[in-house]
Structures are given as structure tokens and as C-alpha cells.
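*Asks:*
Residue numbers (this note's numbering): 73 to 390.
#1: From residue 265 to residue 251, what does the alpha carbon distance come to, in whole angstroms?
#2: What first and last residue would you give for the alpha helix (DSSP H) that runs through residue 259?
#3: Alpha carbon to alpha carbon, what distance is there between residue 163 and residue 230?
#4: Could you check what DSSP says for residue 306 in three-state terms: helix, strand or coil?
#5: Residue 315 by DSSP, collapsed to three states: which one?
#6: When the Cα atoms are used, what is the spatial distance from residue 101 to residue 183?
#7: Would you call the region 290 to 306 and the region 320 to 333 in contact, with 3 or more CB pairs under 8 Å?
#8: Would you list, in sequence order, the uninterrupted beta strand (DSSP E) runs of no fewer than 3 residues that lie entirely inside the region 132 to 203?
#9: CA-CA distance, residue 103 and residue 95?
#10: Would DSSP call residue 99 helix, strand or coil?
#11: Using 10 angstroms around the beta-carbon of residue 314, count the other beta-carbons present and answer buried if the total reaches 16, otherwise exposed.
#12: If I follow the unbroken alpha helix (DSSP H) through residue 325, where does it start and stop?
#13: Residue 299 and residue 241: beta carbons closer than 8 Å?
#14: Does DSSP classify residue 268 as helix, strand or coil?
#15: Quick one: Cα of residue 381 to Cα of residue 306, how far?
#16: Rounded to a whole number of angstroms, what is the C-alpha to C-alpha distance between residue 138 and residue 88?
#17: Assign residue 205 to one of three DSSP states: helix, strand, or coil.
#18: If you draw a straight line from the alpha carbon of residue 208 to that of residue 172, how long is it in whole angstroms?
#19: Does DSSP put residue 78 in a helix, a strand or coil?
#20: Where does residue 113 sit, in a helix, a strand or coil, going by DSSP?
#21: By the three-class DSSP mapping on this structure, what secondary structure does residue 290 have?
#22: Enumerate in chain order the residues of its own chain whose CB-to-CB distance from residue 311 is below 6 Å, with the five nearest sequence positions on each side excluded.
#23: Nearest to residue 83 by alpha carbon, out of 270, 116 and 181?
#24: Is there at least one non-hydrogen atom of the ligand GTP closer than 7 Å to the beta-carbon of residue 101?
#25: Which residue comes first and which comes last in the beta strand (DSSP E) that contains residue 220?
#26: Identify which residue in 237, 328, 340 and 106 has its Cα closest to the Cα of residue 363.
#27: CB residue 210 to CB residue 359, shorter than 8 Å?
#28: Around the Cβ of residue 97, are there at least 16 other Cβ atoms within 10 angstroms (buried) or fewer (exposed)?
Printed below as a string of C-alpha cells:
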């Protein structure tokens, strides 16, 4: 992500503390890239809201909706002032649509955004707006990178000095590595690549008495390390390589803690392929519990389609 590649950033907000964390990151990024920041708020549609039955007449209903909109505009003004104080060109959008991932993705497409920055929690437990299950669906459907700021993230992780880029050495994970490489160069940050050596799945591990694939296939160790080092050497940035043992999500989080990483950058596919994608991916787990923001880069669509076909074929055979 070079400076010239990020010109418009969209940041959904519900004015909660957690969405403010995401907005803070968006402001820093917009300032760095010289990008336009669009702050978007989705106004409720009361036909779908629990409080809709509390109104005795359409007039009361309309008055309440107008009151909420005035309140939203006051909250928005505070956010805009913070953004403009940082020298960021800022616009606002109010959408009266269903609170869904499609609403956010479509608006970002209409804006021709290069990046979406959003949180994982917020008001109403944020399972409905910017966050929770909506965030997961945005990650699956967005054609532009999405930075997700967890409710566990510190209020500020700026400046970004240490970027962690996990890889499973597959073609699907290349998009994340390339983006991490470009972003590290743009920010002057240190780049660290991490590869997780997964344990052999039960019951095979019990049968062979080994803990990992490296134990089961010693020749695999050198082949894997050679490929890992080859990938690191192909990047523009000087990258440190780290090998962790254990389940991918846990191994990545250990590396985050050891490095005091400020950002994780990874592809939307990889690590799990489609089989694990169907039951919950490493990416989604990291997004939920990471102590630092996670930047998810859409994988190449053709490569993903090939992976889907291959994995579905495996499932049909089994």
C-alpha cells in the first residue's frame, strides 16, 4: 500500500468508544496517505427496530427519527472536528438503509474507496452495525482492504513501527505479504513474517507419537524453511522470519505479544483454505481477539476460485 494507492478511506461509525478507536486509526492513515476520509453513519429503520411498536402514531415515529438524526449529526460534528484538526479532508454520509454488511460494502464501492476501517463492537453489542457478524461479512465480500480494530485494541497503536505478516506459504497468502511489504516501506516500519507449524491433527498425532508435521516428516522442515526464506528474500523490505509452533491463531498472537506488534496484515484467504473457512477461519479469530488492528487484504479472486473448486472436490470425495 503505497502513498499513491490510498486516496479514499471509509470509516463506519455508531459513535461508540470502539468505533472511535477505528476512527482514530482511520484519521492517522488518512493523514499519512493524504487521503480523503469519509465517515459514514447508518440511521435506524424503525420498521426493523424493537422500539417501533412504542409509537402511537406516525407523527411520533417521525419526530423520534428526526430527533435521532439531529443527535447523530451532533455526534458526527465532534468526529469531523477531530479529523480536520489533524489536517485530514473529511466528508460525512448518513444512510437510511438496513444495517448490513451489504450497506457498508455498497457505500464503499459507490465512494470508490481504497480502504475500509471499522471496529468489531459498539452500541447495541454491535452485532448489527459496524460490527460483530456484520464485520465478518464485510471481510468476506469487500473487494478492497479492510482494517478491523478490535474492542481489545489500545486506543492508539500509532505510529506503526512493527508489522506482523503471517503466512502459510500458499499462493492465497501472497496478497497479504505484498501489502505488508508495501505498507512497511511506506510507514518506515519493521516487517516480521511468521509461519506457524501446526500440530498433527488428532488421532494421527496419537498414532505416530509426534506433535507436529516437522516431527512426523523431518525432511519437510528444511523444505519449508527454504521456501519461507525465499519468500522473505523476494520482498522489497528487509523482513525478519519467525517460526512458531502450535495452532495458527495462537501462534500468531504469541508473535504479536513478543514483538509488541502494532498491526497484523494478512490475506482474506490462506491459512485454512475453504474447508476451514466454512467453519471459522484464522483470520476471523484474529480479528475478534487481536490486541492490535488487523488489515485484511482480499486475495486474488481467480486463486480463491481455484481453491474453492479444489476444496469442494476434496469434500465430495470424502
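All C-beta atoms in this analysis are idealised placements derived from N, C-alpha and C, irrespective of residue type, glycine included.
*Replies:* Taking the definition as stated:
#1: 12 Å
#2: 246 to 259
#3: 23 Å
#4: coil
#5: strand
#6: 17 Å
#7: no
#8: 162 to 167 and 187 to 191
#9: 12 Å
#10: helix
#11: buried
#12: 320 to 331
#13: yes
#14: strand
#15: Only weak support exists for where residue 381 lies, its pLDDT of 45 falling under 50; the coordinates are left without a value.
#16: 20 Å
#17: helix
#18: 11 Å
#19: coil
#20: strand
#21: helix
#22: 263, 265 and 304
#23: 181
#24: Within the structure as shown, the ligand GTP is missing, as the structure has no ligands at all.
#25: 218 to 221
#26: 328
#27: no
#28: buried
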